[in-house]
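Encoded as structure tokens, the structure appears first; notes follow it.
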Amino acid sequence: MSFERRIYNFSAGPSMLPTTVLEKVRDEMLNYGGSGMSVMEMSHRSKTYDGIIGDAESNLRKLMNIPDGYKVLFLQGGATLQFSMVPMNLLRKSKKADYVVTGTWADKAAKEAGKFGDIVVTASSADKNFTYIPKLSKADFRADADYVHITLNNTIFGSKYSYIPDTGEIPLVCDWSSGILSEEIDVSRFGLIYAGAQKNIAPAGLVIIVIREDLIGAAPANTPVYMDYKIHAANGSMYNTPPAFTVYVAGEVFKHLLAIGGVAAQERLNRAKAEKLYDYIDGSQLYSAPVELESRSLMNVVFVTGDGELDKRFVAAAREEGLIDLNGHRSVGGMRASIYNAMPMEGVDALIAFMKRFEEDNIRR
Ligand SMILES: Cc1ncc(COP(=O)(O)O)c(C=O)c1O
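All residue numbers for the sequence shown refer to numbering that gives the first Met the number 0, where the first residue is 0 and numbers rise by one.
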């Protein structure tokens with residue numbers, strides 16, 4: 000089926016970007032800022048591009064309130080490469096790290112790290128099919144661990160931490176791929192934050208790393224050059240060709256977020272969108288949300304009817320109305336509405352209106 004208008008895309012990623020940003024990128028496509036070319040065609044060593052990547056970094060620093068003493072890196076390889084880069088660089092003393100497994104991505108990160116050192120899954124929510132976030136305290140972690148790894152928002156199971164675990168002196172590392180810039184966070188509580196850009200920030204092809212400077216520089220001498228944070232930090236993310244166009248789009252999204260009032264304003268909208276949707280689901284007779292109340296994601300809203308065939312009909316019928324990619328992850332089933340930053344309230348309203356109609360037509364009496 001084809002659409003003649005922009006639709007509401009509930010995909011878990013890549014996902015919607017702000018329309019104003021897409022329009023600006025379109026307008027600048029053939030001639031960026033009087034350069035006579037697209038950013039796609041531009042040397043990353045040019046003065047113009049220097050301005051683009053420099054502004055992107057300083058605007059991200061403003062948005063996340065990144066303290067001095069942290070480096071920001073714009074790299075390729077997605078969040079998946081960070082599953083390897085983190086242990087390669089951060090297993091620097093005891094070669095031990097503790098992982099909290101709250102879903103598929105956390106599990107993948109832990110398994111990859113297991114190739115490089117002594118990795119322990121210190122807590123997991125697998126016992127209840129990842130429908131909650133464990134309560135963690137300092138005592139849960141090995142005192143000599145080089146770092147603790149968490150996945151702040153679990154894209155597939157639709158859960159998120161409502162608190163930042165206290166790891167004491169042990170650096171806390173987090174995968175924030177599906178939550179970055181969705182709510183305010185105290186960066187100083189983390190040793191390293193990484194996030195693939197293709198949900199809240201930009202097209203795919205970029206991973207953003209915010210890393211405390213003292214964690215840089217301990218990778219073994221035989222670390223492949225691309226895998227060493229020190230190389231990228233020393234070269235301002237330009238040791239090799241960065242994902243130049245994606246960084247430009249990310250920079251435009253950062254400007255857009257600053258213009259609407261920063262992360263605080265975006266968080267208010269995100270909370271309002273998620274609350275409306277969960278409230279409707281909790282009050283309905285047909286749908287239910289499996290994730291426990293205080294662990295519910297603001298970004299990925301998972302819900303089911305309890306009947307696999309009906310779920311499939313829901314997803315197909317929604318698609319006919321321009322509400323697309325509402326199917327749950329293939330490993331979970333049911334439905335998942337990813338309502339990232341760029342999903343407007345109108346999209347959530349349209350989804351709820353559709354859900355009501357579908358409920359009236361299919362209610363189990
Ligand atoms: C939480 C999380 N971590 C990691 C990944 C993998 O990211 P990438 O495809 O950028 O490697 C994803 C992708 O959806 C994700 O949601």
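Positions of the beta carbon are idealized from the N, C-alpha and C atoms, including for glycine.
Restricting to Cα atoms, I'd like to know which of the options is closest to residue i.
| i | options | result |
| --- | --- | --- |
| His148 | Asp117, Val331, Cys173 | Cys173 |
| Arg211 | Ala232, Asp348, Val248 | Ala232 |
| Leu268 | Ser287, Tyr7, Ala317, Gly346 | Gly346 |
| Val248 | Ile6, Arg5, Asn8, Glu27 | Glu27 |
| Leu292 | Lys70, Met84, Ile51, Ser161 | Ser161 |
| Ile215 | Pro202, Leu191, Phe140 | Leu191 |
| Asp310 | Ala194, Leu62, Met84, Arg335 | Arg335 |
| Val24 | Phe302, Gly250, Asn152, His43 | Gly250 |
| Phe353 | Ile280, Arg329, His328 | Ile280 |
| Gly235 | Val71, Asn64, Ser42, Glu22 | Val71 |
| Ser287 | Leu276, Thr121, Lys275, Phe302 | Phe302 |
| Leu16 | Leu256, Asp145, Thr166 | Leu256 |
| Ser1 | Tyr238, Leu90, Leu322 | Leu322 |
| Thr47 | Asn30, Arg60, Lys61 | Asn30 |
| Phe140 | Ile169, Ile132, Phe129, Ile351 | Ile169 |
| Ile163 | Lys134, Asp145, Ala144 | Lys134 |
| Thr240 | Glu22, Ala11, Ser42, Thr18 | Ser42 |
| Met342 | Gly167, Ala273, Asn326 | Ala273 |
| Ile6 | Lys355, Arg318, Ala258 | Arg318 |
| Thr18 | Gly332, Leu285, Ala201 | Ala201 |
| Ile51 | Met237, Gly307, Ser283 | Met237 |
Round the Cβ separation of residue i and residue j to the nearest angstrom and send it over; I've been treating them as touching at under 8 Å.
| i | j | result |
| --- | --- | --- |
| Ile207 | Ile179 | 7 Å |
| Asp324 | Phe9 | 5 Å |
| Val158 | Arg295 | Per the sequence presented here, residue 158 reads as Ser, with Val not at that position. Yes, they are in contact, since the Cβ atoms of Ser158 and Arg295 sit about 7 Å apart, within 8 Å. |
| Thr121 | Asn153 | Not confirmed; about 17 Å, so no contact. |
| Phe253 | Asn58 | 4 Å |
| Ala78 | Gly195 | 4 Å |
| Ser14 | Lys137 | Wrong, their Cβ atoms sit about 36 Å apart, outside the cutoff. |
| Thr103 | Ile65 | With 8 Å as the limit, Thr103 and Ile65 do not qualify as a contact, their Cβ atoms being about 28 Å apart. |
| Val290 | Thr130 | 5 Å |
| Asp145 | Lys92 | 6 Å |
| Met298 | Ser337 | 6 Å |
Quick one: what's residue i bridged to in DSSP?
| i | result |
| --- | --- |
| Ser158 | Asn153, Arg295 |
| Gly195 | Val206 |
| Leu171 | Val147 |
| Ile118 | Ala96 |
| Ser337 | Asn299 |
| Ile323 | Asn8 |
So what does DSSP say about residue i, is it helix, strand or coil?
| i | result |
| --- | --- |
| Tyr228 | helix |
| Ser390 | What is shown of the chain runs 0 to 364, which leaves residue 390 out entirely. |
| Val290 | coil |
| Ile51 | helix |
| Gly12 | coil |
| Val331 | coil |
| Ala249 | helix |
| Arg211 | strand |
| Ala365 | With the chain represented from 0 up to 364, any question about residue 365 goes unanswered, as that position is not in the structure. |
| Glu359 | helix |
| Val347 | helix |
| Leu72 | strand |
| Arg364 | Because the pLDDT at Arg364 is just 49, under 50, the model does not fix this residue reliably, and the value given afterwards should be weighed accordingly. Looking at Arg364 - three-state DSSP - the assignment turns out to be coil, as it is neither helix nor strand. |
| Ile280 | helix |
| Glu266 | helix |
| Glu27 | coil |
| Gly261 | helix |
| Asn234 | coil |
| Ser366 | The question about residue 366 has no answer, for the chain in this structure spans 0 to 364. |
| Lys61 | helix |
| Pro223 | coil |
| Gly77 | helix |
| Asp67 | coil |
| His83 | According to the sequence as given, residue 83 is Ser; it is not His. Three-state result, Ser83: helix. |
| Thr19 | helix |
| Met354 | helix |
| Asn128 | coil |
| Ala188 | Here residue 188 turns out to be Arg, not Ala, going by the sequence shown. DSSP places Arg188 in helix when its eight states are reduced to three. |
| Ala201 | coil |
| Thr101 | coil |
| Glu308 | helix |
| Val244 | For the sequence presented, residue 244 should be read as Phe rather than Val. In the structure shown, Phe244 sits in a helix (DSSP, three-state: H, G or I). |
| Lys134 | coil |
| Asn88 | helix |
Item to check | Cβ contact check for the stretch 179-195 and the stretch 256-266: 3 or more pairs under 8 Å | outcome: Put simply, the stretch 179-195 touches the stretch 256-266. At least three CB pairs are less than 8 Å apart.
Next on the checklist: Could you check whether the stretch 31-40 touches the stretch 220-237, counting it as contact only if at least three pairs of C-beta atoms, one from each stretch, sit closer than 8 Å?
Outcome noted: In short, these stretches do not touch, since the Cβ pair count stays below three.
Checklist entry - Any contact of the stretch 71-91 with the stretch 105-123, i.e. 3+ C-beta pairs under 8 Å? => result In short, these stretches touch, since the Cβ pair count reaches three.
Checklist entry - Would you say the stretch 217-225 touches the stretch 93-105, given that touching needs at least three Cβ pairs under 8 Å? => result Cβ pair count under 8 Å is below three, so no.
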